[in-house]
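Undergrad:
2 protein chains.
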Amino acid sequence: MKGYNETTYAILGILTTDCRSGYSIKQFIDRSLNHFWKISYGQIYPTLKFIVQEGLAEVHTATTSGKPDKNEYTLTPKGIETLRNWLENPIEQLPAERNEILLKLFFGRFQTSETTISLLENYKQKLQTRMETYQSIEQAIIDCADENDMDSMYWLFTLDYGKKVTRAAIDWCDVTLEKFITKEES
Amino acid sequence: MKGYNETTYAILGILTTDCRSGYSIKQFIDRSLNHFWKISYGQIYPTLKFIVQEGLAEVHTATTSGKPDKNEYTLTPKGIETLRNWLENPIEQLPAERNEILLKLFFGRFQTSETTISLLENYKQKLQTRMETYQSIEQAIIDCADENDMDSMYWLFTLDYGKKVTRAAIDWCDVTLEKFITKEES
DNA sequence: AATTTCATGTAAGTGGTTACATGATTTG
DNA sequence: CAAATCATGTAACCACTTACATGAAATT
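Residue numbers (the UniProt record's numbering), protein chains in the order written: chain F, 1 to 186; chain U, 1 to 186.
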C-alpha cells in the first residue's frame, strides 16, 4: 500500500452510498460501475485498511443476527473532504486504452483479407453484445427509478457514454469491413 | 518473465518491419502505435530476451561505424508462425476501460453543477486536442504515403477508429453539458 | 564544453488479478 | 445435506512504469 490512487477515491465515493462493507462495495461495483470500473477483493480489503489508517473512515463491526459479522466503514469529515477535493480536480490525462484489435489490424499485411474480415466481424459481434447489455441495463434503470433519484440520472449519463462510444466502434467496423470487401471484389 | 502476452506479440509484429533493435522498437511504437499501444524500455528489453529464449528470434550484434553497437533481432520461422497464429485468433474479450471522468461524474450528486460542468468542459477540451493530433497525423500519412504502401492503409484504419470514438465522446460531452445547463436554468 | 541522440539494460515500486483459506448461514 | 450466498482476508503472481546506471557519438 502506497498512496492515494484512483481505487482509493472510487471506494471513498462508494462509501457515500449505503454500501459500507467490503463485500457490498464489491457488489455495488459489479452492479453499477461494471462498464467503466472493475475491482477485486484483493484491492478492496487492503484499500479499506489504508483508508482507515489515513483517518478517512472509521470501522465498526456490525453483529447482525443471522448473517456473519460485517465491518462497516463510515467516512470521517477528512474522508469527505478528500473525496470532494478529488472530485473537483479535473482529470490529469485521457485514459490511454490498449486495443488488441487495432494491434492485430495494424499487422494486417501479414494476414489474408479473409482473416482480417473475420477478426473484424468477431469484434463487431462482441460490441453488439455489449451494446445490448447497455440497453437492457438502461431499461432496467428507467423502469425502477423514481423521479427524484439523482443517482440514476448519473448512472444513465455513464451508460450513455458507453453506448455512444460502442456505437461509434460498431460503425467503424462496418466502414472498415466495407473497405476490405470492395478490395476483395476488385 | 512468464509467458506469451500481448507485449510479446506486439514486439513480434514490429520485428516484421525494419525495426530490429530494442531502441528502434521503442521509436516505432512512439511514432506509429502511440494512440492505442504504449510500451517502455523496462518491458521491451526483457521481452526481447524472452523471445530469443523461446526461439522466436535470433540476435546478432551489429557494429556500425559511428554509432554504438546494436542488438539486431530477426524472427525465426517459429517466431513468424507464432505471430501469424496469434493474428488469426479473434480477441478473447473487449478491452475494459477504466474511465476516471465517468467515475467522477457518477459521484456527481456530491458536487455542484458548476463543478461537474467544468469537469466535462475540461474533458471535452482534452478530447478535442486528441482529435487534432489524430487529424494532423492522418494528414502526414496521406501526404507521404505512396500508393502501394500497405502499412499506411492499416495505419489509417487504426487512426480512423481513434477519430470515430473520440468524436463520439465529444458528442457525449456536448449532450451531457446541455442537460446540466438546462437543469441549471430551470 | 554541454547537450542531445543512440543504445542497452536493471531494480524498485505500483496497481492489479487469481487463487486460496476460512467459516457462518441460508436455500434448495 | 449439498450448494449458494454472505463475509473477510492474504500470498503469489503478472504487467507495467519510473528512475537509475552506463557510455559512446553527434550536435549545438
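For glycine and all other residues, C-beta sits at the position ideal for the given N, C-alpha and C.
Taking the CB atoms as reference points, tell me whether U/L159 and F/P90 lie closer together than 8 Å.
TA: Not closer than 8 Å, so no.
Undergrad: When the Cα atoms are used, what is the spatial distance from F/I117 to U/L156?
TA: Looking at the two C-alpha atoms, the distance is approximately 16 Å.
Undergrad: Which partner residues of U/V59 appear in the DSSP bridge assignment?
TA: Bridge partners of U/V59: U/Y73.
Undergrad: Name, please, each residue of chain F whose Cβ falls closer than 7 Å to the Cβ of U/N122.
TA: Residues of chain F passing the Cβ test: P90.
Undergrad: Given 8 Å as the limit, is there contact between the stretch 68-78 of chain U and the stretch 18-30 of chain U, that is, 3 or more CB pairs closer than that?
TA: At 8 Å Cβ cutoff, the stretches touch.
Undergrad: Is the separation between the beta-carbon of F/I29 and that of F/I39 shorter than 8 Å?
TA: Yes, these two residues count as a Cβ contact at 8 Å.
Undergrad: Since U/M150 meets chain F, which of its residues come closer than 7 Å, beta carbon to beta carbon?
TA: In chain order: R109.
Undergrad: Spell out a yes or no on whether the stretch 79-87 of chain F and the stretch 100-112 of chain F are touching, meaning 3 or more CB-CB pairs, one atom from each, closer than 8 Å.
TA: The stretch 79-87 of chain F, when compared against the stretch 100-112 of chain F, does not touch it at the 8 Å Cβ threshold.
Undergrad: If you draw a straight line from the C-alpha of U/I141 to the C-alpha of U/Y4, how long is it?
TA: Approximately 32 Å between the Cα atoms of the pair.
Undergrad: Do F/I137 and F/Y123 have their CB atoms nearer than 8 Å?
TA: Cβ atoms of F/I137 and F/Y123: not closer than 8 Å.
Undergrad: Classify U/A140 as helix, strand or coil using the three-state DSSP reduction.
TA: The answer is helix: DSSP assigns U/A140 an H, G or I state.
Undergrad: Got a sec? Which residues, its chain only, sit under 7 Å from F/T176 by beta carbon, not counting five neighbours each side?
TA: Answer for F/T176: L120, listed in chain order.
Undergrad: Just checking: is the beta-carbon of F/K2 within a distance shorter than 8 Å of some beta-carbon in chain U?
TA: It does not: the Cβ of F/K2 has no partner Cβ on chain U nearer than 8 Å.
Undergrad: In chain F, which residues lie less than 7 Å from U/T74 when you measure between Cβ atoms?
TA: Per Cβ cutoff of 7 Å: no residues; U/T74 is ~16 Å from chain F at best.
Undergrad: At the 8 Å Cβ level, is U/G79 part of the contact set with chain F, yes or no?
TA: Output row for U/G79: interface = no.
Undergrad: Could you tell me if U/T63 is buried or exposed, where buried requires 16 or more neighbouring beta carbons within 10 angstroms of its beta carbon?
TA: Counting Cβ neighbours within 10 Å, U/T63 comes out exposed, since fewer than 16 surround it.
Undergrad: Tell me which residues share the same chain as F/W37 and place their Cβ nearer than 7 Å to its Cβ, disregarding the 5 neighbours each side in the sequence.
TA: Within the same chain, F/W37 has close Cβ partners A10 and I29.
Undergrad: Would you call the CB atoms of U/R130 and F/L75 closer than 8 Å?
TA: Cβ distance not < 8 Å, so U/R130 and F/L75 don't count as in contact.
Undergrad: Using the beta-carbon of each residue, which ones in chain U are nearer than 8 Å to F/T115?
TA: Simply L87 and E88.
Undergrad: Just mark F/Y41 as buried or exposed, buried being the case when its beta carbon has 16 or more other beta carbons within 10 Å.
TA: F/Y41 comes out exposed.
Undergrad: Of all Cβ atoms in chain U, is any one closer than 8 Å to the Cβ of F/P46?
TA: It does not; no Cβ of chain U falls within 8 Å.
Undergrad: Can you tell me whether F/Y41 is helix, strand or coil according to DSSP?
TA: Helix, per DSSP.
Undergrad: Cβ of F/N5 less than 8 Å from any chain U Cβ?
TA: For F/N5, the answer is no, since every Cβ of chain U falls outside 8 Å of its Cβ.
Undergrad: Within 8 Å (strictly less), CB to CB, does F/I101 reach chain U?
TA: For F/I101, the answer is yes, since a Cβ of chain U falls inside 8 Å of its Cβ.
Undergrad: Contact criterion: CB-CB distance below 8 Å. Does U/T8 meet it with respect to chain F?
TA: No, U/T8 lies away from the interface with chain F (no Cβ there is under 8 Å from its Cβ).
Undergrad: For the candidate residues F/R167, F/W172, F/R98 and F/Y161, whose alpha-carbon lies nearest to that of U/N34?
TA: Measuring from the Cα of U/N34, the nearest candidate turns out to be F/R98.
Undergrad: Please name the residue, chosen from U/A168, U/A169, U/E184 and U/G55, that lies closest to U/P77 on a Cα-to-Cα basis.
TA: With distances taken between Cα atoms, U/P77 lies closest to U/G55.
Undergrad: If the criterion is Cβ atoms closer than 8 Å, does the pair U/K163 and U/Y134 meet it?
TA: Result yes, Cβ atoms of U/K163 and U/Y134 sit closer than 8 Å.
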